[in-house]
Every structure is written in structure tokens, then in C-alpha cells.
Amino acid sequence: MSKKYKGLKRTPRDKTLDDLQRRYIRLISGGYCKRCGEYVGERMIEVAHIYRRNRKTVRWDFRNVYPLCKDNPLTGRKGCHYQLDSDPIKMASFLYDVLTTEEVEDLQRLANMTIKDYPIDREKIKAELKEKIRLLEV
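1 is the number of the first residue of the sequence shown in UniProt numbering; add one for each residue after it.
Right, here's the structure in full:
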């Protein structure tokens, strides 16, 4: 585990949801990066969060996650995930490329709420993700 995420502890139920979300995002991506459009295959796709995973109110919101290519150790190319995470201006530009202004504002509003203000139904999210994955894997 990298130092960046050392203090972040996931509960087993959060890990389950993260794994389901990752599987779903990789399936719908078809192995293509949302930013550069390059085909890299599902294994080279990472699930990038606009608002970090500690913002539980938007952690599993599909407007907050995108399939982005990861660094390629064979070519030395920095992936889109790294590029966006390391450059807030590129991240903002990407966000407005994939969402409308209203969607960005709504996502920002939800990200700034607590789970007391905006409760999360993890079981509902889990059931929805499983169903979406099932439909794609048929």
C-alpha cells in the first residue's frame, strides 16, 4: 500500500462495493480510457475518482468515477489517471468535458455533505452494481 493511502482503512463492506464498482467501470469502459480514448485493455484501466474516496456521499456515484489508463511501466508513459491526479487544472477541464455544469455543481454539493445529511444505502448500491454487472456479463 502506498504511503498516500496508508491511513485510509476500508471496511469490508466498503471494499466489496469498491470491488464491484471497479468491475463495473472496467466492463463498461471496454478497455478504453475515458480521457485519451486509447485502448489499453481492462487490466490497464483504473477507476479514477474526481472527489476522493473519503467523500462517502459521492464515493459510489457514477458521475464521480471514470475509467482512466494507468502508468505503463513498459513504455514509461504516465497514464491519464496520474496526469489528472497531479494537475488540478487538467482535472477540472476533464470534469467539465464529461459533465454538464449542473451535474458538476450537484456533485460538488453532494461531496460537501456528510453521510448524516445524505445517508448511503450500501445494500441498495451493492444490489444495483451486481445487477448492472450481471447484465453486462450475459
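Ideal Cβ placement from N, Cα and C applies to all residues, glycine included.
Can you tell me whether residue 65 is buried or exposed, with buried defined as 16 or more other CB within 10 angstroms of its CB? buried
Between residue 88 and residue 13, what straight-line distance do the alpha-carbon atoms span, to the nearest angstrom? 30 Å
If I measure Cβ to Cβ from residue 132 and keep anything under 7 Å in the same chain, skipping five residues before and after, which residues do I get? 24
Going by the CB atoms, is the gap between residue 51 and residue 111 shorter than 8 Å? yes
For residue 68, list the residues DSSP reports as bridge partners. 46
For residue 115, count neighbouring C-beta atoms within 10 Å of its own C-beta (all shown protein chains included) and say buried if the count is 16 or more, exposed if not. exposed
Length of the line joining the Cα atoms of residue 134 and residue 28: 12 Å
Between residue 71 and residue 47, what straight-line distance do the alpha-carbon atoms span, to the nearest angstrom? 13 Å
Leaving out the 5 sequence neighbours to the left and right, which residues in its chain are closer than 7 Å to residue 80 when beta-carbon positions are compared? 33, 35, 36, 68 and 69
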